[in-house]
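Below is one structure; the comments refer to it alone.
Residue numbers (full-length UniProt numbering), protein chains in the order written: chain A, 1 to 701; chain B, 1 to 701.
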């Protein structure tokens, strides 16, 4: 392994060129959590009344406020807000609200409701709790934050902007949801440094957060020393009612409780509104009681609109509970501050419209032009740049000390942080001579998994309750569990979708974490949404899918994959691999490990297959290659192509044809995607071009 | 509507020829729930000890029993079984156990563990509670039963056999899991009359049961009269630990609690074992508390292995709770009776093996040869044939009275029971003249849904919290809710997978129930497993999938379907329809309604499309058809094909080419599957044959 200096270690992860044209950082002696200034000219709620006469909407603000209060009967009790002097916190919270409102207005598309309601928890989280370095979003020991309710991404972009991230400069907020911008319609980790995972499809974000927290707990257990907690961060997540309804969230949260992920803190935006209106129409379960049943610590903040102290206290309490994940239910008003649209569907997913924006400005006492960040807010947040740099450099010093004392562990951890594969790791892949006995590719997969477990330091994974069928256990390791988090076999239970989404979280924790997960190939149907996020978010998750094809046997059609190969070949940025024997199975694992920016789906047989002469690990890398050929001058009479368990049939057919004197080439097309990426010359060399395929098809018709 | 006599009504549903070579039915004055006979020669547990010396396994039965007891520490407390005289119930329960053991042994494949553990609840349910007519499995007012833990299907087949169903004769049990048998490896409604839904993929069965119970509650609310409860049945479901872990089950159970489905009774086989071993490794949540949080009534039967009275009492209690669904957690021992394998993974999914079968026979005091049904058991169960016939004929009489008093309602209900579509229903489909203004196909879909709501009496459905985007509301109806179950708009919340599986249950309730469900097309990824079951189980569910293609807009790639068209075209028995305009949208609904044995997926646009001259409802039925053509003698220079929102582009391109003097044919290929089913002549007439496509491709290469 290259000897990376520990000081430059996390900088080496700064994969994108992050410009440093940030505003000059002001050191600040303001302490988080204190009201910093009463100098703001902004009116309080009572002050708003006097401004009513100038409302262009021609509705007296007092009347608007009455209406607003009526709207909130079932949401947070705004009555509890004592008329207080406007604080810097209020100012910051309103900045967040209006950055979201203005960006959505500017795009004429997006979701203002969540940012307006969640601005208080967002402010408290990012300004007072989350540990980050805005100038290096990839600093290893940062806290992780996931916006599971991804449609509210302007909340996150506004927070990243205030925090000083270069991905969310003012011009980026102004190009929200525009082609080519860094601020897409839903958070995308591959577009916006500072965004950890790709969310939007509901429920998966909280499952990603479970994966991130799992990775932390695992690495901490392996690398921390009594005198040095070198891995030590929290994972925060904001999720909404929609996420809570999704089964995938439930699956992952059940596991989080089981695993006792004490450093996972979920903030549940309990706003009672989803797209179809009041959640009363479809969602009346007792969420808190359910989470208690799942083994979580549960806190309820009743006034999420203004209860900064309650939010703060809840997060502190959550941090202190070490043996359970915490769910903080925070009751808020969606679209807080919009006199006519708050607490209704209308504010969820559309721009407020100029008139309502104006009314909201008046209501919240925000006389500023669009995208304005008041100086006191700017100044206050600016401390995060130097503080973030300090956090990282302190950690780098800590790492240097750790490295000196625990050289071996430090080297391993470093490789996990950077994602650098250990030299010679590929030698661990089993190879098979042509006279080797064949076996089921799931058995050969097991050999790969176990060999890789020896050389890849953060290769972790498991099955959705089919370990003994998928043959996915790493025999030298025990089970990752609440009290044995240093182990590497993950027992997901019968929760395919949660499994996939958790693996996405693990993969996104840091470049060296390599998760795999297993079930029957047919049950990719349960986890397809997670596989698509793997593909989209460029996450290297290895899907070990056994019981391919009719070889599945007597379990019958409910368990028999048919359309699955075609369906994954059609999914962008997925490698669909169907190895034919031992060498190709090893080749498939090689490809899966080396492709750091895409997931691989391996279709593996339940039944035995022979070792086929001519197969190779290298061949797999090209997607298609010649397994055998008795033609000369690149002029075969016939080219037979096969994949997986059908390659054997192609080989047998070739044998028969050759007996009849034919020149036959057998090609293994183990991955259509990889083959498609080869040069035109290579394809021509193999005789597999569009023209050739068409000509062959014509002969057959 | 044809005037079906009410007496022949349910017989008309006997779609398969059910042979009547059942054993002569004995009328019986034995009442369900009473122990009928103490005359059985079978030993009690204490009697077993004396038989130990003859064990061929050479292990004293006393020692086996000790071992067996040890295995059960975490499972049911076998100690509570007082040494009692062997009852007929014991005999029946052991018959069920051994029919399962013997069938799995015979097939050398299958899952004996669940049937052995669930035989007591299975016996009590089928023999004492479930209302059915074995000679007409399709009798409308029967109780519905779903084995959500489908792998344990030998339990169901054994029960159907004892109950007198012609689908599960002894020879059928002997051909369990064999090619062409009526007893496949997982329950399939289309193979085995008496099986209501297709299960196996875990978690979905309980969601189907929610759909069945929803259909009952809805129809009861609409058709029952104070003096006549013409729709009145329960829905029972057995589910296991695996089902409990799956998110889809959670989604559906949350809705069942919300809807207050009082006649849904779920029996949870709490056996603590799944494929990966003790559920302790992945599933430690408090399930009972969770179900309370979901609004269910929860009962715990601690001794599911022998506690017949407790099981009985629990089901009685469950039936008496009218405002909530009930979950009865029944603690059992998987593989009960197998001395060496019970309470372990070993008994879950493999044949016991001759030696262990023998030991189990000894242990349970079952000296009989394989597939033996003792005479007293036979005699006892035989009453279900006359009783079932009586139940049905009593109901038929009831219906006749109902019909006399409530003619109009009876006619409608009859059409729902038979599935006969009202004459002229198709006239409700909107048609559009070529000069009509265009619109988004989701808007045109809304017109169809609302028109169909007027003419199809049991057209019910809704969206997964996207009603205002999918435009899926039936405006003349309110929401199906706990207290308004007569309404037809279903609010599924953000629960796509649960939605699909619930719709499968609704569709399988009776032939006239026509469920539709809606979300964004991309989110079929969340519900794909349910769509596949729709296809496999031949269930007419209409999937209203809006926001097709890049027309989705700024929501970005997480919300943008790409591979979805291809992936559903690859799924067997699904109609993938991509209408181009208003006429084709109506055509798609026509096809979806008429195809009673397959689901349809409609991909609908968010954005406006023009009405295209030449489109038609009839054209859609053929899958592909000529929209415009200026060629003569069937010799166009070019054939342009398009689907959905791209048909407009093909039309525009044709316009340009024709200006250049070309003879251009434009073909709309709205459904590849339907087109594939057309005659060779028709395809040739259109000029779209494999040869023509290949030739065209060759030109392009």
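Think of the CB as a built atom: it goes at the ideal place given N, C-alpha and C, for glycine as much as any other residue. Remember, it's a predicted structure, so these values are computed and weren't measured experimentally.
For residue i, name the three-state secondary structure that DSSP assigns.
i, result
"residue 231 of chain B", "coil"
"residue 278 of chain A", "strand"
"residue 32 of chain A", "Legend: pLDDT at residue 32 of chain A = 32, less than 50; position of this residue unreliable, value from coordinates given subsequently. Here residue 32 of chain A sits in coil by DSSP."
"residue 329 of chain A", "strand"
"residue 12 of chain A", "A caution first: residue 12 of chain A carries a pLDDT of 41, below 50, which makes its placement in the model unreliable, though a value can still be read off. Three-state result, residue 12 of chain A: helix."
"residue 570 of chain A", "coil"
"residue 609 of chain A", "strand"
"residue 664 of chain A", "strand"
"residue 474 of chain B", "coil"
"residue 481 of chain A", "strand"
"residue 283 of chain A", "coil"
"residue 626 of chain A", "strand"
"residue 583 of chain B", "helix"
"residue 489 of chain B", "strand"
"residue 125 of chain A", "helix"
"residue 273 of chain B", "strand"
"residue 440 of chain A", "strand"
"residue 594 of chain A", "helix"
"residue 289 of chain B", "helix"
"residue 640 of chain B", "strand"
"residue 48 of chain A", "Unreliable positioning characterises residue 48 of chain A in this predicted model, as indicated by a pLDDT of 29, which lies under 50. The coordinate reading is nonetheless provided below. Here residue 48 of chain A sits in helix by DSSP."
What first and last residue would you give for the beta strand (DSSP E) that runs through residue i?
i, result
"residue 740 of chain A", "Nothing about residue 740 of chain A can be read from this structure; chain A reaches only from 1 to 701."
"residue 603 of chain B", "600-603"
"residue 644 of chain A", "It is not in any beta strand (DSSP E) - residue 644 of chain A carries neither H nor E in the DSSP assignment."
"residue 146 of chain B", "144-147"
"residue 159 of chain B", "From DSSP, residue 159 of chain B is part of no beta strand (DSSP E) but of the alpha helix (DSSP H) over 153-163."
"residue 575 of chain A", "575-577"
With residue i as the anchor, note down where its alpha helix (DSSP H) starts and where it stops.
i, result
"residue 395 of chain B", "384-405"
"residue 303 of chain B", "Per DSSP, residue 303 of chain B belongs to no alpha helix (DSSP H) and is neither H nor E."
"residue 90 of chain A", "88-107"
"residue 693 of chain B", "690-700"
"residue 682 of chain B", "680-686"
"residue 541 of chain A", "Premise fails: residue 541 of chain A is in no alpha helix (DSSP H) and is neither H nor E."
"residue 729 of chain B", "A query on residue 729 of chain B cannot be resolved here, the shown segment of chain B reaching from 1 to 701 and no further."
"residue 315 of chain A", "308-320"
"residue 634 of chain A", "Careful: residue 634 of chain A lies outside any alpha helix (DSSP H) and carries neither H nor E."
Which one or two residues does DSSP pair with residue i in a beta bridge?
i, result
"residue 297 of chain B", "B:326"
"residue 459 of chain A", "A:514"
"residue 266 of chain B", "B:237, B:327"
"residue 546 of chain B", "B:520"
Residue i: beta carbon under 7 Å from a heavy atom of the ligand NAP?
i, result
"residue 162 of chain B", "The model on display carries no ligand, and the ligand NAP is accordingly not part of it."
- Query: Are there three or more Cβ pairs, one per stretch, closer than 8 Å when the segment 395-410 of chain B is compared with the segment 549-564 of chain B?
  - Reply: no
- Query: Given 8 Å as the limit, is there contact between the segment 148-155 of chain B and the segment 198-209 of chain B, that is, 3 or more CB pairs closer than that?
  - Reply: yes
- Query: Is there contact here, the segment 175-188 of chain B with the segment 210-223 of chain B, by at least three beta-carbon pairs under 8 Å?
  - Reply: no
- Query: Counting pairs of beta carbons, one from the segment 247-260 of chain A and one from the segment 268-286 of chain A, are three or more of them closer than 8 Å?
  - Reply: No, they do not touch.
- Message: So, does the segment 285-305 of chain A touch the segment 316-334 of chain A, judging by three or more C-beta pairs under 8 Å?
- Response: Touching, yes.
- Task: Mind the definition here: the segment 472-481 of chain A touches the segment 497-506 of chain A only if three or more C-beta pairs lie below 8 Å; say whether that holds.
- Result: no
- Are the segment 459-471 of chain B and the segment 625-634 of chain B touching by the rule of at least three beta carbon pairs closer than 8 Å? The segment 459-471 of chain B, when compared against the segment 625-634 of chain B, does not touch it at the 8 Å Cβ threshold.
- Query: Does the segment 530-548 of chain B come close enough to the segment 608-625 of chain B to have 3 or more Cβ pairs within less than 8 Å?
  - Reply: Taking 8 Å as the limit for Cβ pairs, the verdict is that the segment 608-625 of chain B does not touch the segment 530-548 of chain B.
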